[in-house]
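Be aware that the sequence shown starts at 17, since it is given in the numbering used here, and climbs by one per residue.
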Amino acid sequence: MSIVIAIVALCVIILIHEIGHFAAGKLFKMNVYQFNLGMGPILLKKNYRGTQYGLRLFPIGGSCVFGEDETESSDDPNEFRNKPVWQRIIVIVAGAVLNLLLGLVLCIIINSVFINDPDPKVGVPTMTVSAFREGSVSNTGTCALHIGDRIVSVNGMRIISHPEISFKMNNSLTKTGDEDGYAVYEFVVIRNGEKAVLPNVKFAVHRDEDGEIKVNERGGMTYIMDFAVLPVENTALKVLEYSVRDAVGFGRIIWLSLIEIFRGTYGLNEIGGPVQIVGIFGEVTENAIDIKAAVMSILRLSALITINLGIMNLLPIPALDGGRLIFLTVEGIRRKPLKAEVEGMIHFVGFALLMLLILVVTFNDIRKLIFGG
């Protein structure tokens, strides 16, 4: 079941992206030659009003072909290359923009029906501590969290949305154990209207059957989240405010993760692909306490994926939308395009490298699935 859910979610996200390109192209009366969902061998195709609509074997991508890589010139005013630069820029960025808007819509849906555990209340989640789970340790000691604390930062990272709390705690390389074997973090909170710095907030860590502390692939402790955040009244303005916060927060998480990859914090074997995404969908559905919680987890994961797709496609990498945007920007500045053969070759090389990366990441996913790790 999780495989079906993952495939449907990925297909919808990719479809929305391609619809963005397609709709913008049609708006400017451009020739759209192909509209494909998926990659690889074609399974189904249908020609309608000059466009071939196709369903391909692997649901890991899609394409909307405007003939932008054609090297031969054409006098047809509806050809992509013959349209004004500003129109082509809008067509190129439309897919990513629609993905980002989809992420915001999903955040609005999530925040409209969010359930806060362990004290279930309908409302929008904030960054204010509202309750502690049984056996919690983050509310003990001289540097303890208190109910009513509004979290400002964790280990130096300013927090604007509640998903960023667990992201920073999961990815902090400064996680170290104290003499009692707890993971410790620095929290900055607003308490009774004043800023308070808590340099050593304790959290219990996961241990194996022998009581030994479990560590992740980078040698860090894996903490146990033991507090919940306060939900506020489910008004339209609050839903919109915190949904924007969540969408921006997901974007920051993705951007910070990219920075950590370039810094070498994450190795190639830690980067997940389609197979791992399917596994994550399976985990969130299996670990959910009920159907409603499972739906919320799926929507939250889908929001993260669609925002990730939007941001990744805007990176200045050949063959991606961001790479084409760079060429269009240069053309706008120079008042003339680069040679089509040169641009086409650069995008071809970029596409080949992208396919190689997908193969390597997919291989790593399958390896982890079979051998673990």
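Just so it is clear, CB atoms sit at the ideal spot from N, CA and C, and this is done for glycine as well.
With 16 as the cutoff for other CB atoms within 10 Å, does M371 come out buried or exposed? Its Cβ having fewer than 16 others within 10 Å, M371 is exposed.
Please classify L369 as buried or exposed, where buried requires at least 16 other C-beta atoms within 10 Å of its C-beta. L369 sits exposed, since fewer than 16 C-beta atoms from the chains shown fall within 10 Å of its C-beta.
With 16 as the cutoff for other CB atoms within 10 Å, does Y201 come out buried or exposed? Residue burial annotation: Y201 is buried, with at least 16 other C-beta atoms found within 10 angstroms of its C-beta.
Please indicate yes or no: does the CB of I314 lie closer than 8 Å to some heavy atom of the ligand SAM? In the structure on display, the ligand SAM does not appear, and there are no ligands present to speak of.
Taking only three categories from DSSP, how would you classify K137? Bear in mind that the predicted position of K137 carries a pLDDT of just 45, short of 50, making it unreliable; the figure below should be weighed with that in mind. Three-state DSSP puts K137 in coil, outside helix and strand.
Are V205 and V145 closer than 9 Å when you measure CB to CB? Closer than 9 Å, so yes.
Does the separation of the CB atoms of I21 and F297 fall below 9 Å? Going by C-beta atoms, I21 is nearer than 9 Å to F297.
What is the DSSP secondary structure of Y258, reduced to helix, strand or coil? DSSP places Y258 in helix when its eight states are reduced to three.
Chain-order list of residues whose beta-carbon lies under 8 Å from that of V113 (same chain, five-residue window excluded): Contacts found: G36, G326.
Contact belief for G366 with A335 at Cβ below 8 Å, rounded distance in angstroms: G366 to A335, Cβ: 4 Å. Contact.
Just verifying my parser: in three-state terms, what is the DSSP assignment at K184? In the structure shown, K184 sits in a helix (DSSP, three-state: H, G or I).
For I105, which of G41, V24, M312, E276 has the nearest alpha-carbon? Comparing Cα-Cα distances from I105 to each of G41, V24, M312, E276, the minimum goes to G41.
If contacts are defined as beta-carbon pairs under 8 Å, then L246 and T158 qualify, I think. What distance do you get, rounded to the angstrom? Between the beta-carbon of L246 and that of T158 there is about 24 Å, and that puts the pair past the 8 Å contact cut.
Leaving out five residues before and five after P215 in sequence, what residues of the same chain have Cβ atoms less than 7 Å from its Cβ? Taking P215 as the centre and dropping the five residues before and after it, the same chain places the C-beta of C159, E202 closer than 7 Å to its C-beta, in chain order.
Shortest alpha-carbon distance to S169 belongs to which of T156, I163, F183? Checked all of T156, I163, F183; the closest Cα to S169 is F183.
Measuring CA to CA, which of K61, G339, N52 is closest to S79? It is N52.
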